[in-house]
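Chains as they are written, first to last, in the working numbering: chain F, 42 to 295; chain L, 42 to 295.
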DNA sequence: GCGCGTAATTGACTAAGGTCAAGCTGGACT
DNA sequence: AGTCCAGCTTGACCTTAGTCAATTACGCGC
């Protein structure tokens with residue numbers, strides 16, 4: 042009996058939002074210690090996903106939101122014929138599963154890019170907690186809205202940016218998110234394949250490969266398979282806005 | 042006194058969801074007559090927008106959702122430099138303004154493409170009504186989720202489809218929505234400019250022009266400025282999936 | 001009815017990125 | 001250690017759509 046209790050405690054502790062390393066980056070950010078206990082209670086627990094395994098798929102009924110604890114995921118939609126469009130890559134502290142909030146059915150799919158650990162927030166519980174803790178509600182809304190803005194950026198990128206710009210923006214976004222996680226923003230470990238990157242950016246894999254090589258030749262990057270070092274963050278940043286000069290002149294003229 | 046009362050009744054009637062031509066296509070779809078009265082009360086009223094005028098802009102605080110009653114809108118995001126990416130075009134019965142539900146700030150802009158009439162649903166009222174009428178809540182969620190799926194399709198189109206396919210898909214989507222409105226799905230009146238279409242599809246205006254010409258030569262369309270007749274819906278449909286053969290073969294091989 | 005300006009079309013040319021094919025690399029599995 | 005194979009890289013070539021420039025058509029105000 043005492044044994045079972047201690048196991049439970051350990052489990053509790055391990056999954057407790059208060060003691061989690063992502064505490065400051067995840068939903069609990071800015072929530073009082075008292076309220077945290079309630080949030081803890083709403084978290085069903087951890088779940089571990091192997092590389093390539095699916096967290097939810099298109100059509101699944103909506104049960105929960107999921108926070109990435111460690112590892113990374115990709116989310117994507119798949120058309121009738123089976124080819125996919127990647128919607129996003131998700132690092133620790135980021136939340137996936139919003140897409141089903143409206144219809145109660147997922148309209149996309151989430152898959153682990155590497156062995157990953159996930160916090161499951163069953164929606165029924167979450168709803169209760171959220172309605173009682175305004176700060177948590179606001180935090181959740183902030184996260185969702187960040188997501189919407191991310192999607193807009195993705196669309197703009199698809200529509201207007203050219204290949205080199207796209208990759209630069211992608212890398213800079215990853216770097217920024219690394220920094221938010223207190224990781225070194227100049228040393229990226231790409232958990233996704235070149236195919237995935239190409240797909241996400243609306244390019245083909247050969248183009249990604251050539252761009253990596255070119256950026257390496259330019260002295261911006263040091264690429265070694267999945268490991269990418271950003272040697273010149275300043276130059277990388279300048280590539281992100283490359284084609285904007287023309288646009289601004291256009292507007293001035295009008 | 043009797044005069045003022047009759048004016049009020051008239052106004053009530055005119056804006057009443059029950060008597061609106063869009064009744065079956067808009068939020069009230071599938072809602073009982075009793076509940077309709079409550080919904081009516083939540084609608085602040087009509088608003089008329091001239092061509093080019095803005096319904097809400099980036100940063101505006103979130104006050105309401107808006108149903109297009111007549112005319113049409115475009116929604117778009119604008120980056121620092123001022124060039125825009127169109128997110129969608131919105132016909133009667135369609136709802137805009139969701140983008141601010143999470144953050145309470147709009148993160149996009151909505152503008153009338155022609156003289157348009159709009160129903161305003163102040164969010165505070167709507168929240169009350171929605172919480173009391175489950176059917177309305179479900180309907181609202183259905184509409185939002187349709188929106189999310191639309192966005193996914195847009196992204197897929199931007200990423201993978203080529204120019205002719207994009208335009209075909211765009212026209213077919215418009216046609217489908219015309220049919221939903223009980224309009225003739227083969228006679229489209231494009232309220233947006235070629236520039237807007239190009240922007241929406243991630244192309245340049247010259248390409249749109251050439252594609253219209255080409256599709257006319259192929260006997261699929263009959264184009265006359267803003268007026269587009271779909272002569273061969275079957276051929277148009279076949280253009281929508283043009284590049285999918287390759288994809289399916291790829292998958293079969295794997 | 002007559003210009004004016006914006007929107008649209010058309011043509012010639014160019015460049016960006018896709019396609020195809022070949023080769024390389026590094027890890028997984030005997 | 002050796003083989004296999006998916007993932008990645010590289011090169012040659014080609015297609016698509018973008019760019020630039022000229023022209024036409026239309027809607028609007030006078």
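C-beta atoms are modelled at their ideal positions from N, C-alpha and C, and glycine is treated no differently. Please read these numbers as outputs of a predicted model, since none were measured by experiment.
Item, Value
"Inter-residue Cα distance where the pair is residue 131 (chain L) and residue 210 (chain L)", "16 angstroms"
"Cβ of residue 243 (chain F) within 7 angstroms of any chain L Cβ", "yes"
"Proximal residues, the region 189 to 200 of chain F versus chain L, C-beta separation under 8 angstroms", "189, 190, 192, 193, 195, 196, 197, 199, 200"
"Per-residue contacts from residue 185 (chain L) into chain F (C-beta, under 7 angstroms)", "143"
"Inter-residue spacing [alpha-carbon to alpha-carbon] between residue 110 (chain L) and residue 159 (chain L)", "5 angstroms"
"Chain-order list of residues whose beta-carbon lies under 8 angstroms from that of residue 174 (chain L) (same chain, five-residue window excluded)", "72, 76, 79, 80"
"Cut-off 6 angstroms between Cβ atoms - residues of its own chain near residue 282 (chain F), not counting five sequence neighbours on either side", "none"
"Euclidean distance between Cα positions of residue 121 (chain F) and residue 104 (chain L)", "38 angstroms"
"Sub-7 angstroms separation of residue 137 (chain L) and residue 116 (chain L) beta-carbons", "yes"
"Closer than 8 angstroms at the beta carbon, the chain F residues around residue 149 (chain L)", "193"
"Where residue 141 (chain F) falls: helix, strand or coil (DSSP)", "helix"
"Validate contact between the region 240 to 260 of chain L and the region 85 to 101 of chain F using beta carbons, cut 8 angstroms, 3 pairs", "no"
"Contacts that residue 140 (chain F) makes with chain L (C-beta to C-beta distance below 7 angstroms)", "189"
"Chain F contacts made by the region 105 to 122 of chain L, where a contact means CB separation under 9 angstroms", "118, 120, 121, 122"
"Assigned exposure category for residue 65 (chain F) - 16 Cβ within 10 Å defines buried", "exposed"
"7 angstroms Cβ cutoff met for residue 153 (chain F) and residue 90 (chain F)", "yes"
"Span of the alpha helix (DSSP H), counted from its first residue to its last, around residue 281 (chain F)", "274 to 281"
"Cross-chain neighbours of residue 126 (chain F) in chain L, by beta carbon under 7 angstroms", "196, 197, 200, 201"
"Cβ-heavy atom distance, residue 177 (chain F) to the ligand SAM, below 6 angstroms", "In the structure on display, the ligand SAM does not appear, and there are no ligands present to speak of."
"Neighbour flag for residue 251 (chain F) against chain L, beta carbons, 7 angstroms", "no"
"Test: residue 182 (chain L) CB closer than 7 angstroms to a CB of chain F", "yes"
"Inter-residue Cα distance where the pair is residue 124 (chain F) and residue 59 (chain L)", "43 angstroms"
"Backbone secondary structure at residue 87 (chain F) - three-state DSSP", "strand"
"Chain-order list of residues whose beta-carbon lies under 6 angstroms from that of residue 108 (chain F) (same chain, five-residue window excluded)", "67, 136, 160"
"From F:243, F:150, F:62, F:100, residue whose alpha carbon lies closest to that of residue 198 (chain F)", "F:243"
"Residue 279 (chain F) classed as buried or exposed, judged by whether at least 16 other C-beta atoms fall within 10 angstroms", "exposed"
"Residue 207 (chain F) versus residue 126 (chain F): straight-line alpha-carbon distance, rounded", "16 angstroms"
"Presumed contact (8 angstroms Cβ cut-off) between residue 188 (chain L) and residue 139 (chain L), rounded CB distance", "6 angstroms"
"Residues sharing a beta bridge with residue 220 (chain L), DSSP", "In the DSSP output, where bridge partners are listed per residue, residue 220 (chain L) has none listed."
"Which of helix, strand or coil DSSP assigns to residue 267 (chain L)", "coil"
"Collapsed DSSP secondary structure at residue 228 (chain F) in the structure displayed", "strand"
"Beta carbon proximity, residue 43 (chain L) to chain F, threshold 7 angstroms", "Caution applies to residue 43 (chain L), whose pLDDT of 48 falls short of 50 and renders its modelled position unreliable; the model cannot decide the point."
"Beta carbon of residue 182 (chain F) nearer than 7 angstroms to that of residue 143 (chain L)", "yes"
"Contact under 7 angstroms by Cβ, residue 114 (chain L) with residue 151 (chain L)", "yes"
"Reduced DSSP secondary structure (H/G/I, E/B, other) of residue 109 (chain L)", "strand"
"Runs of beta strand (DSSP E) lying entirely within the region 169 to 224 of chain L, each at least 3 residues, in chain order", "none"
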